[in-house]
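Notes follow once the structure below has been shown.
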Amino acid sequence: MKNIINTFLPYYKHNNNLTLNVTLKNKVRFLFFYLDRFVYSPILQILLRNQNVKEQNVIKKIYKQKILNNLPLQFKKDKYDEKHHVKNQKYINKNSFECKEKMNDKIRNIKNDKINYNDHIEINALWPERISYVQPFEVKKNLEKDKFNVIYIGHMSILIQTSKYNILIDPVLSNRIGFCNILGVKRIIKPGISFEHLPSIDFILLSNNRYDTMDKRTLKNIILRDNSIVIGGMNIRRYLLKRNFPVVYPLNWFNKLSFENLSFYYLPTLTNSHRFLVDKNVYLPGSFLIHDSFTNATIFYSGHSGYSNHFLQIKNYVNNVVLKRNNHIDLSILPIGIYKPHSLYNNFHMSPSEALQSHFDLGSKQSLAIGTDVFCLGGEEYKEATKELTHILDSYQKKNNNKITFVTLQPGENFII
């Protein structure tokens, strides 16, 4: 099927020697992970909607521990009153209060069961459905003195402003990521910049074709308004047809594209790409290096990536080819989310500790952590990645008496270099 589709759609072979093939065992594990994340967890969250997220995760751990201990859950069938009455075309249970009390009693009994409960057992954690939000960032139209103004929109979406250009990376402004923005994962926090407050965009950089990095609804709205230039990996034209996206540049690894003082380098990354069932690794995923020749400032954006020695190779490439002298990347933008279960995701996403090691490998002056606390896609808890990064940084700085600039931002906050 894949070969037939490649015959009729734009397709160019690329030499992606970093992306590893997933074994059959891991494919099965991924299947169970997705069933847990997108089927079982939402149902459990509905059943436990009267509990807060922390209590929901405790109960889920207890459930898993009972299953692992071969102790099947014994639920006594409640004798609910089957007589209902209709109000506003909705069926209402007359004994709903009694049912809630029985459910709460069961939850209290489970929480008090300390024999089988192990707090360190790993689960695919539940997240809050919606969290409080601050006002969207007010974007300045022109940047005068600073080299770059980096604004965190949320997840992998970044707005970078220079004195002349506005650059948007992996923009996702939709409320839900997935097929036609109908099926998929809802965001729990609004974008840091609304579409109405988004300045005129000159360049859009797309590191991957996944739904959480390539949001066609957002892209169409921006292109229709600003006629932006889109830069991405090979075979991007399969996903962005010419009638809707007139100016698109597909790049191979280590290709360079320059516009006046601004240069874009498409560099390797360790991850996979897929949007449908039959297009695995058709799109060439990558990372971006942005170089301003006027200020000699550089920003590296890794995109989705696991940890490997390709970060050291990128550092050598930047020093020898881009900067042509012993210098440092001014800012590295590194993801720290979607890293659990680590045995499944280690070839596709970085943990906070691996992101810190990548910061050292790249020789970056400062780094920005992204890719977490917006869409519930991995197995870690909400804010777990951010807290883990903070703990690792504190431990390293106390041990080595060396300050590291590795920051995290809330959607709508900015970072100026």
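1 is the number of the first residue of the sequence shown in UniProt numbering; add one for each residue after it.
Backbone N, C-alpha and C define an ideal beta-carbon position, used for all residues, glycine too.
Taking residue i as the reference, give the member of the options with the closest Cα.
i    : options                   : result
I231 : N252, N57 and Y211        : N252
S258 : F195, K387, K64 and F288  : F288
S353 : R243, Y283, Q410 and E384 : E384
D373 : H310, G154, N181 and F179 : G154
F360 : Y345, Q313 and G371       : Q313
Q65  : I121, R238 and N16        : I121
F264 : N181, F254 and N15        : F254
S293 : K164, N401 and L48        : K164
K13  : P42, F348, L356 and D279  : D279
N17  : I416, N320 and N347       : N347
N15  : P268, F311, I223 and F276 : P268
Taking the beta carbon of residue i as the centre, do at least 16 other beta carbons fall within 10 Å, making it buried, or is it exposed?
i    : result
T23  : exposed
N21  : exposed
H197 : exposed
I115 : With a pLDDT of 45 at I115, under the threshold of 50, the modelled position of that residue is not reliable, and no figure is offered here.
E129 : exposed
V318 : buried
I338 : buried
P411 : buried
Residue i and residue j look like a contact to me (Cβ under 8 Å); what is the Cβ gap, rounded to whole Å?
i    : j    : result
P171 : L241 : Rounded, the Cβ-Cβ distance is 18 Å, inconsistent with contact.
T295 : V322 : That belief does not hold up - the Cβ atoms of T295 and V322 are roughly 14 Å apart, past 8 Å.
V248 : I236 : 6 Å
S207 : H304 : 7 Å
G286 : Y307 : Not confirmed; about 16 Å, so no contact.
N281 : S273 : 6 Å
V139 : L368 : Going by Cβ atoms, the distance from V139 to L368 rounds to 17 Å, so no, they are not a contact pair.
M234 : L284 : 4 Å
I336 : L389 : 6 Å
Beta-carbon within less than 6 Å of residue i's beta-carbon, same chain only, minus the 5 sequence neighbours each way: which residues are those?
i           : result
L168        : L159, I201 and I204
Q366        : L331 and T405
K340        : G378, G379 and E380
residue 423 : This structure cannot settle anything about residue 423, because the visible part of the chain is limited to 1 through 417.
N181        : S174 and R217
H291        : S263, T298 and V322
Looking only at its chain, what residues have a beta carbon closer than 7 Å to the beta carbon of residue i, apart from the 5 residues adjacent to it on each side?
i    : result
G363 : K315, H328 and I329
F195 : L173 and N221
E55  : none
K60  : L44, I123 and L126
H342 : S351
L344 : N26, R29, F30 and F33
Counting only the same chain and skipping the five closest in sequence on each side, list residues whose C-beta sits under 8 Å from that of residue i.
i    : result
I177 : G184, V185, R187, Y211, D212, D215 and F375
N166 : L159, I160, P199, S200, I201, D202 and F203
N227 : P246 and V247
E413 : F137, I151, Y152 and G192
Q397 : K403 and I404
Regarding residue i and the ligand NAD, is the C-beta to nearest heavy atom distance less than 6 Å?
i    : result
K315 : The ligand NAD is not part of the structure shown, which contains no ligands of any sort.
Open item on the list: I'd like the ranges of any beta strand (DSSP E) spanning at least 3 consecutive residues and lying wholly in the segment 183 to 233.
Closed with: 183 to 186, 203 to 206 and 229 to 233
TODO: Return the chain-ordered ranges of every alpha helix (DSSP H) run that is complete within the segment 320 to 348 and spans a minimum of 4 residues.
DONE: 342 to 345
Task: 4 or more residues per run - each alpha helix (DSSP H) lying fully within the segment 272 to 320 - done: 310 to 317
TODO: Enumerate, from N- to C-terminal direction, the unbroken alpha helix (DSSP H) stretches of 4 or more residues contained entirely within the segment 1 to 69.
DONE: 2 to 8, 24 to 35, 41 to 47 and 53 to 68
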